[in-house]
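A.B. asks: Okay, handing you the structure first.
Protein chains: 2
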Amino acid sequence: MEQYSSPLDGIFQALADPTRRAVLARLGSGPASISDLAKPFDMALPSFMKHIHFLEGSGLIRTEKQGRVRTCTIEKAQFAAIEAWMSAQRALWEGRTDRLEQFVTSAENKEK
Amino acid sequence: MEQYSSPLDGIFQALADPTRRAVLARLGSGPASISDLAKPFDMALPSFMKHIHFLEGSGLIRTEKQGRVRTCTIEKAQFAAIEAWMSAQRALWEGRTDRLEQFVTSAENKEK
DNA sequence: GTGATACTTAGCCTTATGGAACAGTATTCG
DNA sequence: CGAATACTGTTCCATAAGGCTAAGTATCAC
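Protein chains in written order, with the working numbering: chain Y, 1 to 112; chain H, 1 to 112.
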């Protein structure tokens, strides 16, 4: 039924893990390499890399490799999707039916 | 059943599924029974119930049974946790180091 | 050129998730 | 009472998530 899922699926899924939220918090204060990001975590590098790939797949970060170092940067624009969903949700329970709500809820309906 | 290191784990995980987001959207305009909520979905009721339990476990909804009908209500207060995390995140990349950021990021650290 | 560094790739394992079916319980209706 | 309604409990299944090792590749430092 839901063959085409919303970007929100990946975004919220990415945020559901404390390791990934911590990475985002770290990247909030500027780009960093994989190994710098991994340092605080008691985790094997390939396991950590899965989190990075997940974050990149959700669009919340962007990565670029130069030489042997891959640098990760936060993708602030993607956070707008969360704000939009939150706004639409609030609009619903505040009984508002404005343009933003119409836009976002119709986008949600297309998920199914 | 669900053991999370932070309430945010459960909240974001709950939001990561389109069925559950649709349920929240529906509940935004007022409480509803399980079967009313389930109607739009092409899904067996026990499967649907898992989503309801998940939402209840995350604190995003509250349910109460009267007679044979269980009524679900959205728990708006829980959405504040998301807003708080978003604010903290924005504060980080805007270079602010105010009280809110201090509070929320220290709460995040306690997750581990 | 050798060795250290910084990822990558590829398996493997365990648990969680999202779905199903089927049977059961408890209310409410006629 | 008996039947329909509204969940609820149980079990099963396939796939994804999150962790691990071990081994591979590509730079960079000397």
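Where a beta carbon is used, it is the ideal one built from N, C-alpha and C, also for glycine.
Could you work out which residue in H:Lys65, H:Glu94, H:Trp85, H:Gly30 is closest to H:Ser6 when comparing CA atoms only?
C.D. replies: Among H:Lys65, H:Glu94, H:Trp85, H:Gly30, the Cα nearest to that of H:Ser6 belongs to H:Trp85.
A.B. asks: Does the stretch 23-34 of chain Y come into contact with the stretch 73-80 of chain Y, if we say contact requires no fewer than three beta-carbon pairs (one atom in each stretch) closer than 8 Å?
C.D. replies: Enough Cβ pairs lie closer than 8 Å, so yes.
A.B. asks: If you draw a straight line from the alpha carbon of H:Leu24 to that of Y:Met43, how long is it in whole angstroms?
C.D. replies: 35 Å
A.B. asks: Only counting the same chain, and skipping five residues up and downstream in sequence, which positions put a Cβ closer than 8 Å to that of Y:Ile11?
C.D. replies: Ser58, Gly59, Leu60, Gln78, Ala81, Ile82
A.B. asks: Which residues in the same chain as H:Glu2 place their Cβ atom closer than 7 Å to its Cβ, once the five residues preceding and following it in sequence are excluded?
C.D. replies: Below a pLDDT of 50, predicted positions are generally treated as unreliable, and H:Glu2, at 45, falls in that range; no measurement from the model is reported.
A.B. asks: Compare the C-beta of Y:Arg9 against all C-beta atoms of chain H and say whether one is closer than 7 Å.
C.D. replies: With the sequence shown as reference, residue 9 of chain Y is identified as Asp, and Arg is not the correct amino acid for it. Under the Cβ distance rule, Y:Asp9 counts among the residues neighbouring chain H, one pair being separated by less than 7 Å.
A.B. asks: Using 7 Å as the threshold, is the C-beta distance between H:Thr19 and H:His53 below it?
C.D. replies: no
A.B. asks: For the alpha helix (DSSP H) containing H:Glu94, name the first residue and the last one.
C.D. replies: H:Glu94 -> no alpha helix (DSSP H), and no H or E assigned at all.
A.B. asks: Can you tell me whether Y:Gln89 is buried or exposed, with buried defined as 16 or more other CB within 10 angstroms of its CB?
C.D. replies: When all chains shown are included, Y:Gln89 counts as buried.
A.B. asks: With a threshold of 16 other CB atoms inside 10 Å of the CB of Y:Leu45, please say whether the residue is buried or exposed.
C.D. replies: Y:Leu45 should be labelled exposed.
A.B. asks: For H:Arg21, collect the residues of the same chain with a Cβ closer than 8 Å to its Cβ; drop the 5 residues on either side in sequence, then sort them by chain order.
C.D. replies: Its chain contains Leu15 as the residues whose beta carbon lies nearer than 8 Å to that of H:Arg21, once the 5 sequence neighbours on both sides are disregarded; these appear in chain order.
A.B. asks: Who are the Cβ neighbours of Y:Gln13 in its own chain at under 6 Å, not counting the five residues just before and after it?
C.D. replies: Around Y:Gln13: no qualifying Cβ.
A.B. asks: Give the residues of chain H in contact with Y:Lys76, contact being defined as C-beta atoms less than 7 Å apart.
C.D. replies: The answer, in chain order, is Trp93.
A.B. asks: So with CB distances below 9 Å, who are the chain Y contacts of H:Met86?
C.D. replies: Phe79, Ile82, Glu83, Met86
A.B. asks: Does the beta carbon of Y:Phe54 sit closer than 7 Å to a beta carbon anywhere in chain H?
C.D. replies: no
A.B. asks: Can you give the Cα-Cα distance for H:Ile34 and H:Ala91, rounded to whole angstroms?
C.D. replies: Distance between the alpha carbons of H:Ile34 and H:Ala91 is about 39 Å.
A.B. asks: H:Ser47 to Y:Arg62, Cα distance in whole Å?
C.D. replies: 36 Å
A.B. asks: Using a Cβ-Cβ cut-off of 7 Å (strictly less than) and excluding sequence neighbours within five positions of Y:Val69, which residues of its own chain qualify?
C.D. replies: Ser33
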